[in-house]
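Under this note's numbering, think of the first position of the sequence shown as 24, with each following residue one higher.
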Amino acid sequence: MDYLEIEGGSPLCGEVCIQGSKNAALPILSAAVLNHGITVLKNCPKIIDVKNMLEILIGFGCKVNWEGDTLIIDATVMNSNQVAACYARQMRSSIMLLGSLLGRTGTATLPYPGGCVIGERPIDLHIEALRKMGAELEEKGEGLCACCKKPQSSRVCLPFPSVGATENVILLAVLAKGVTILNNAAREPEIEELCRFLSCMGAKIQGAGTSQITITGVETLHDVEFTIVSDRIVAGTYMLMTAAAGGRVILNNPPLQQLGAVYGALRCMGVHCKECGEHLLLWRTERMKGLKGIRTEPYPGFPTDLQSPLMAALALAEGESEIEETIFEARFKIVEELLRMGADICTEGQKAYIRGVRKLYGADLIAKELRGGAALVLAAAAAEGKSRILQYHYIERGYENIIRDLQSLGVMVKKNIG
Ligand code: UD1
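#1: Give me whichever residues DSSP pairs with A169 in a beta bridge.
#2: Return helix, strand or coil for F355, following the three-state DSSP convention.
#3: Cβ-heavy atom distance between T327 and the ligand UD1 below 6 Å?
#4: Identify, in the order they occur along the chain, each residue of the same chain with its Cβ nearer than 8 Å to the Cβ of M311, setting aside the five sequence neighbours on each side.
#5: Note down, in chain order, each residue of its chain lying with its Cβ closer than 7 Å to the Cβ of C40, except the 5 sequence neighbours on either side.
#6: For the beta strand (DSSP E) containing S410, name the first residue and the last one.
#7: Indicate the three-state DSSP secondary structure (helix, strand or coil) for H149 in the structure shown.
#8: I'd like to know whether the C-beta atoms of I95 and N88 end up nearer to each other than 7 Å.
#9: Beta carbon of L49: closer than 6 Å to some heavy atom of the ligand UD1?
#10: Nearest-angstrom Cα distance between R394 and P332?
#11: Could you check what DSSP says for Y322 in three-state terms: helix, strand or coil?
#12: Report yes if the CB atom of P68 is closer than 7 Å to the CB atom of E423, and no otherwise.
#13: Check N104 in the structure and name its three-state DSSP category.
#14: Any beta carbon from chain E within less than 7 Å of K155's own beta carbon?
#15: Nearest to A169 by CA position, among P182, S185 and H149, is which residue?
#16: Where does the unbroken beta strand (DSSP E) through Y286 begin, and where does it stop?
#17: I'd like to confirm the pairing. Which residues does DSSP put opposite M435 in its beta bridges?
#18: Measure from the alpha carbon of G91 to the alpha carbon of each residue in A284, N66, K74 and L125, then state which is nearest.
#19: Quick check on DSSP: helix, strand or coil for I440?
#20: Nearest to S103 by alpha carbon, out of G164, R127 and T308?
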């Protein structure tokens, strides 16, 4: 069986360049089908989720071409609007094609999305919001059949600021007749990125990044060249890895404006962060301190995607820490792995109580989902001795080349295939 082998326990030293953002790239790829023409995306991450999304676009008849880390999508001709189940079931973001396919063709057939098993992850908010805009949706077998010949001007209010539902409303509204006003929209930076991309394509959108977004429909969009922002979750993972393993690290090109909640946590833990132009310098000289009162929340709160990496770091912090997960109900899957490394953690419902230990020890670990898998890599880099991480393909859904990144931080890591 394939596994990652990590020899941990030494302080990190080196620099790492932060890849393009997964959660920005995926809705932007979905948006590319709205234009009967060419989209050029620079800094697009070469991760499994992007590759799966591209396979779906190829199934529609789009042409796709990589030139280095620039991706060129030609969506001039589309002869299908069927989303291929084998790719859609591997990622949650396939649901984003609902809004863009309805916008482009007026109909869509979509299998239920897959993705990390970190809770129930229903799609009711997407469905209700799109219905409000005039879409007819019905469950058929293992998926959805949708039709929306004339998306209407509408006022939509989300009961919860779901990132994906916000993106789907925007994607359908861009080519709708009239004005769509979306209230209680998600404020995640990826929403702003999607709107920035669509605006570069000719869409009319106001209020991205706030909880009220106004989209005035346009007749057509045009070709676009766009650079994808760097990934705040990947940057946060390496920031927390520095906290856990110690040392001195430079992050090149992290999205500095998007990391406020992570900075806040790291500073309280006693980790130094210094911005130098487009770089971020991180170092720690003393033992990390524990944190209480950390809750995951919609942006600008602490991101749920960094909850597991934070937990792995806090396992080594002095004193007691508490984390509350408020977004996904099954996101403590790494606890049993960390316990095998010598951590002292217990959970009660959505709360985790962590008593910091001086050392974690290398162990055989199983990645069960993307961010939890990255958290195990972080723990292994900080732990004494050798760890083996099985099922690391989950990590490759979001991290372009975690082996290369770790090696550039001085961690001894290799992939074993067998
Ligand atoms: C996006 C991110 C994911 C991140 C999450 C929260 C992408 C590709 N993924 O996921 O990395 O962890 O935001 O920041 O951008 N919900 C419902 N019904 C719905 C939709 C959501 O109950 O129809 C619930 C979910 O089960 C979850 C919460 O709302 O408990 C947040 O989900 P949402 O904001 O939609 O996350 P995603 O868009 O799936």
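All C-beta atoms in this analysis are idealised placements derived from N, C-alpha and C, irrespective of residue type, glycine included.
Result, derived from the coordinates:
#1: As a working mapping, residue 169 is identified with position 146 in the sequence shown. Paired residues: A131 and L160.
#2: Within the sequence shown, numbered from 1, the residue matching residue 355 stands at position 332. If DSSP states are grouped into helix, strand and coil, F355 belongs with coil.
#3: What you label residue 327 is simply residue 304 of the sequence shown in a count that begins at 1. T327 Cβ: within cutoff of the ligand UD1.
#4: Locating residue 311 in the sequence shown gives position 288, where the first residue counts as 1. A266, A267, M292, G293, V294, A336, L337, L339, A340, E341 and G379.
#5: For the purposes of this step, residue 40 is identified with residue 17 of the sequence shown, where counting begins at 1. Here the set comprises N275 and N276.
#6: On the sequence shown, position 387 is the one that residue 410 refers to. Counting along the chain, the beta strand (DSSP E) containing S410 begins and ends at G408 to L413.
#7: Numbered from its first residue, the sequence shown carries residue 149 at position 126. In this structure, DSSP gives H149 a helical state, which the three-state scheme calls helix.
#8: Here residue 95 is taken as the residue at index 72 of the sequence shown, counted from 1. Here residue 88 is taken as the residue at index 65 of the sequence shown, counted from 1. Cβ distance < 7 Å, so I95 and N88 count as in contact.
#9: Indexing the sequence shown from 1 puts residue 49 at position 26. For the ligand UD1, at least one heavy atom lies less than 6 Å from the Cβ of L49.
#10: Mapped onto the sequence shown, residue 394 falls at position 371. Mapped onto the sequence shown, residue 332 falls at position 309. Cα to Cα, R394 sits roughly 7 Å from P332.
#11: Position 299 of the sequence shown, counting from 1, holds the residue named residue 322. Correct three-state label for Y322: coil.
#12: Counted from its first residue, the sequence shown places residue 68 at position 45. Counted from its first residue, the sequence shown places residue 423 at position 400. It is a contact, given that the beta carbons lie within the stated cut-off.
#13: For the purposes of this step, residue 104 is identified with residue 81 of the sequence shown, where counting begins at 1. Correct three-state label for N104: coil.
#14: Among the chains in the structure shown there is no chain E, since it carries only a single protein chain.
#15: The residue labelled residue 169 in the question sits at position 146 within the sequence shown. If we check each option's Cα against that of A169, H149 comes out closest.
#16: Stepping through the sequence shown from its first residue, residue 286 is reached at position 263. Where Y286 is concerned, there is no enclosing beta strand (DSSP E), although the alpha helix (DSSP H) it sits in stretches over G283 to M292.
#17: By 1-based counting over the sequence shown, the position of residue 435 is 412. Answer is E30, bridged to M435.
#18: As a first step, residue 91 must be located in the sequence shown, where it is residue number 68. It is N66 whose Cα lies nearest to the Cα of G91.
#19: The residue labelled residue 440 in the question sits at position 417 within the sequence shown. Coil, per DSSP.
#20: Taking the sequence shown and counting its residues from 1, the one referred to as residue 103 is at position 80. When each option's Cα is compared against that of S103, the closest is R127.
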